[in-house]
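Chains as they are written, first to last, in the numbering used here: chain A, 1 to 502; chain B, 1001 to 1328.
Ideal placement from N, C-alpha and C gives every residue a C-beta, glycine not left out.
Here the structure is a predicted model, which means the values were calculated and not measured.
Okay, so here's the structure we're looking at.
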Amino acid sequence: MQDAATPVLSLRGIVKTFPGVRALDGVQMDLYPGQVTALIGENGAGKSTIVKILTGIYQPDAGQILVDGTETHFPTAQAAGHAGVTAIHQETVLFDDMTVAENIFIGHAPRNRFGLIDSNAMIRRAREILASIGADLNPAVRLRDLGIASKHLVAIARALSIDARVVIMDEPTAALSHKEIAELYELVETLKGQGKAILFISHKFDEIFRIADRWTVFRDGQFVGEGLMAGVTEAELVRLMVGRAVDQIYPKRPAEIGAPALTVAGYSHPTEFEDISFTLHRGEILGFYGLVGAGRSEVMQALFGITQPSKGATRIAEEVRVIRSTAQAVQAGIVYVPEDRGRQGAIKGLPIFQNVTLPSLRETSRNGFLRLAREFALTREYTQRLDLRAASLDQDVGLLSGGNQQKVVIAKWLATRPRVIILDEPTKGIDIGSKAAVHDFMSELAAEGLAVIMVSSEIPEVLGMSDRVIVMREGRIAAEFAGDQMTPENLVRAAVGIGEAA
Amino acid sequence: MTEQTGRQIPDRLTSPLSRALKSWEALLLVVAAAIFIANSLASPYFLDPWNLSDATFNFTEKAMIAFAMALLIISGEIDLSVGAIIALASTVMGLAMTAGAGTPVLVALGLGTGLACGAFNGLLVARFGLPSIVVTIGTMSLFRGISYIVLGDSAFTGYPASFGWFGQGYVFWVITVELVIFALAAIVFGVLLHRTNFGRMVYAIGNNATAARFSGIRVERIKFTLFLLTGLMSGIAAICLTSRLGSTRPSIAAGFELEVVTIVVLGGVSILGGSGSIPGVVLAAFVMGLVTFGLGLLNVPGIVMSIIVGALLIAVIALPRLWSMVRR
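Right, dumping it as structure tokens:
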């Protein structure tokens, strides 16, 4: 057993940049044997990036990884595994059509003397490992037939099968029920007892305080602080997590709030959200804040007709209706700029002008026949307003940068002259210049009387751009804030479900 | 407020002409010309107008379907049941003929059967979201199976003389009725794909069906329409083929689906969807027709012919890729 004061694994000065984004900027972290370290930060703080560096998926641009005080490199996922680092991911990466034992031993299965997989030994050892974590699972069963909690147990068993010394748990409770979460806590205790160092990533403060020994906070890819859980309060952690000045990349202009543009009444979905009601006015920017998985995008996609609500109705321009398809939504004047640009937004392979005019073909064409001159004119009008950077208007959208692809998607919708525009994480993963341009443009649209909904997980963006903020938690509207009530602390508390008294 | 003066972005960087010269279609045109010259050198009978007219029967029926199939494949779907639709449509016409129906009724039934089969495929794919390759392999067996049940070892013969016009008639001189139908279909589908909103949406769906739906396009409706069109063209091909042969056997048009897909792919349509053109399909149909006709004049046996056609397909598809690998 090692001395608890010596970290098993340390990170020093880790830097990782992606085109246009500095994901990690000189961060540090220490993981100690037999202790749980909670990594805390907003979405986009760099938590996922650090997990990928620790598991050998990304290579840091600078900085050191120290295992037992010795500098190490993890060029591949296998190398990280050999060093004893293993991760249990948000969406557990397992193989549904293989058995429990095969999943546990994939890549390092016991071999017989012919070099073939020794399935008897594999099943025997799988049973031992499962028993050691108190999991009552048959190693010969196919993973497909197990529930999500059992799959987590298999993932943990796999972590143990490589004799892991560092176990990373990335949002392990996101998909679990209360009972399953309690079982997971017990398991974490077992792992601590075996001297494993555990990195625990979670948005939920109650569980961090329940099982973590230490904390580390990242913000915007930078290290903010670390310490012992015993010496910190929830309020202090929240402040560290979000505390920064909201600056001028949020050029919110005052706009006159007009008549209701969209009223949503009792929108519900069997699994994603329930009883969503709100009113959006002309000239207003309404922010939707919440944790990833709170159901914000699902509500927006239902309003846009991608999915259909089980209950509820909308009123758009004095007309009560339920949107049943995207075509109906566009006709009613509701448009949606999706978060998943690559898959749902721009159509890569088609030129810019064809992307922009796709929902407006009825206007640009005559009797169903294309009129290219009008298409180019329309595209030029809106891409110029958005300051698009491109070589030509018939360039493939796939060749543009993320920010410029986003501008094409926004131009596509503005060209339909909508009443309501929904922007889902409009500036996620785009460079700072395009970000400011998108914000500036949002303000301009609101000033022109358009009603804007902005879904965002970035608190500065929500506070900087919104007239009013609705916070969602677990598929419901948790709170609504306006004016002085719009503070980072209030938003985070409502999003994670900390009571006012805390 | 900082008024940003958007810089002027040109509409196009390359002119349509220079694009056309570098295109797949230009390459096909060269290939077609080369085969034409080779054929005329290899056989003294090749350049006879009547022989050439006969040669068009090698591809006209398949190419009619290939136009609709091109749109379907560009949209990311496929229909492997087209040969079976011909068999079923021909069988339905045969049954009506034995019951005493005249040519107009036969034509209506041929078209109707094609549409019904297309609607059935379209319903399964667009409404229930089943993968088209599986659905149409299933309906391929289903449609042709019905023909076998109806006909067994027998055949329908004795179609009315007026019905023979579609497959055996000439509009003037050596220009056959089928060749005219082929040309009209090429124009209609070319305009539909390249000049209408519908065609634009087909490309959008083929490149990214999810994003197309997120752009307010009724993806299912368009896919259903494409299956309907493919069924309709199969119905027209059934009329032509039945009329030309003057009989219906359950094995009629066996293997058509693969030849149709070969024409479409040879024409430069991406089998993964999203790109391709009707002029390319027209040229590919000519290339296929010229190759089979030329080999026929040289008395090359059918088996060897199919080997050569297969090799040609792989060569034409692989060459550009090999070329870019060599250059790197």
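What does residue i touch in chain B if you count any residue whose Cβ is under 8 Å from its own?
i              : result
D394 (chain A) : D1011, R1012 and L1013
A329 (chain A) : G1216
P7 (chain A)   : Under the 8 Å cutoff, chain B gives no residues; its nearest Cβ is about 45 Å from P7 (chain A).
G368 (chain A) : T1196, N1197 and F1198
Y336 (chain A) : F1214
S365 (chain A) : T1196 and N1197
Apart from the five residues just before and just after residue i, which ones in its own chain have a Cβ nearer than 6 Å to its Cβ?
i               : result
A1068 (chain B) : L1229, T1230 and M1233
R253 (chain A)  : S443 and A447
A494 (chain A)  : V471, A478 and A479
I211 (chain A)  : V36, Y185 and V188
V246 (chain A)  : For V246 (chain A), the predicted structure reports a pLDDT of 38, less than 50, and the residue's modelled location is therefore unreliable. The matter cannot be settled from this model.
Y1170 (chain B) : T1176
I1217 (chain B) : M1201
E1178 (chain B) : T1060 and C1240
I316 (chain A)  : L262 and A332
K52 (chain A)   : Y58
V141 (chain A)  : V100
If distances are taken between C-alpha atoms only, which option among the options comes closest to residue i?
i               : options                               : result
I1205 (chain B) : B:L1226, B:F1120 and B:V1219          : B:V1219
D170 (chain A)  : A:A437, A:V356, A:D394 and A:I40      : A:I40
L1095 (chain B) : B:H1194, B:G1302, B:V1150 and B:G1296 : B:V1150
A1070 (chain B) : B:I1252, B:F1227 and B:G1235          : B:F1227
D387 (chain A)  : A:G195, A:A437 and A:R111             : A:A437
T1292 (chain B) : B:E1259, B:V1265, B:V1264 and B:I1317 : B:E1259
S1023 (chain B) : B:M1288, B:I1314, B:G1302 and B:G1268 : B:G1268
Q1168 (chain B) : B:S1243, B:V1264 and B:E1077          : B:S1243
A255 (chain A)  : A:P488, A:Q28, A:R468 and A:G449      : A:G449
S1081 (chain B) : B:A1033, B:S1132 and B:G1294          : B:S1132
I181 (chain A)  : A:T416, A:L372 and A:L153             : A:L153
E183 (chain A)  : A:S161, A:I162 and A:I156             : A:I156
S1154 (chain B) : B:N1208, B:S1141, B:F1166 and B:S1251 : B:S1251
What residues of chain A sit near residue i, judged by a beta carbon separation below 8 Å?
i               : result
G1337 (chain B) : Residue 1337 (chain B) lies beyond the residue range present for chain B, which begins at 1001 and ends at 1328; the question has no answer from this structure.
R1213 (chain B) : I306 and T326
T1210 (chain B) : R343 and Q344
Of all the CB atoms in chain B, is at least one closer than 8 Å to the CB of residue i?
i              : result
K435 (chain A) : no
Q354 (chain A) : yes
G349 (chain A) : yes
A390 (chain A) : yes
L358 (chain A) : yes
Under 8 Å Cβ to Cβ from residue i, same chain only, skipping five residues before and after it: list those, please.
i              : result
E234 (chain A) : F205, F209, I498 and A502
R476 (chain A) : F273, E274, D275, I276 and G295
Measure from the C-beta of residue i to each C-beta in chain A and report whether the shortest distance is under 8 Å.
i               : result
G1274 (chain B) : yes
G1006 (chain B) : Any reading at G1006 (chain B) must be qualified, since the residue scores a pLDDT of 47, below 50, and its modelled position is unreliable; the value itself is stated next. Yes, G1006 (chain B) counts as interfacial toward chain A.
R1200 (chain B) : yes
A1126 (chain B) : no
A1284 (chain B) : no
A1070 (chain B) : no
A1204 (chain B) : yes
N1058 (chain B) : no
N1207 (chain B) : yes
A1186 (chain B) : no
If the cut is a Cβ gap below 7 Å, which residues of chain B does residue i touch?
i              : result
F376 (chain A) : D1011
L524 (chain A) : Here chain A comprises residues numbered 1 to 502, so residue 524 (chain A) is not present and cannot be evaluated.
Near residue i, which residues of its chain fall below 7 Å by C-beta distance, leaving aside the five closest residues on each side in sequence?
i               : result
L1020 (chain B) : One detail in the question is off: residue 1020 (chain B) reads as Ala in this sequence, not Leu. Taken in chain order, the residues that qualify are A1026.
T49 (chain A)   : K16, A23, L24 and Y58
P1049 (chain B) : V1174
S1053 (chain B) : V1174 and T1176
Can you list the residues of chain B that residue i reaches, using a CB-CB cut of under 9 Å?
i              : result
K412 (chain A) : S1215
Near-chain B residues of the segment 46–73 of chain A (beta-carbon distance less than 8 Å), N- to C-terminal order: When CB distances to chain B are screened at a threshold of 8 Å, not a single residue of the segment 46–73 of chain A falls below it.
Chain B contacts from the segment 161–185 of chain A (Cβ-Cβ distance under 8 Å): Answer set for the segment 161–185 of chain A: empty.
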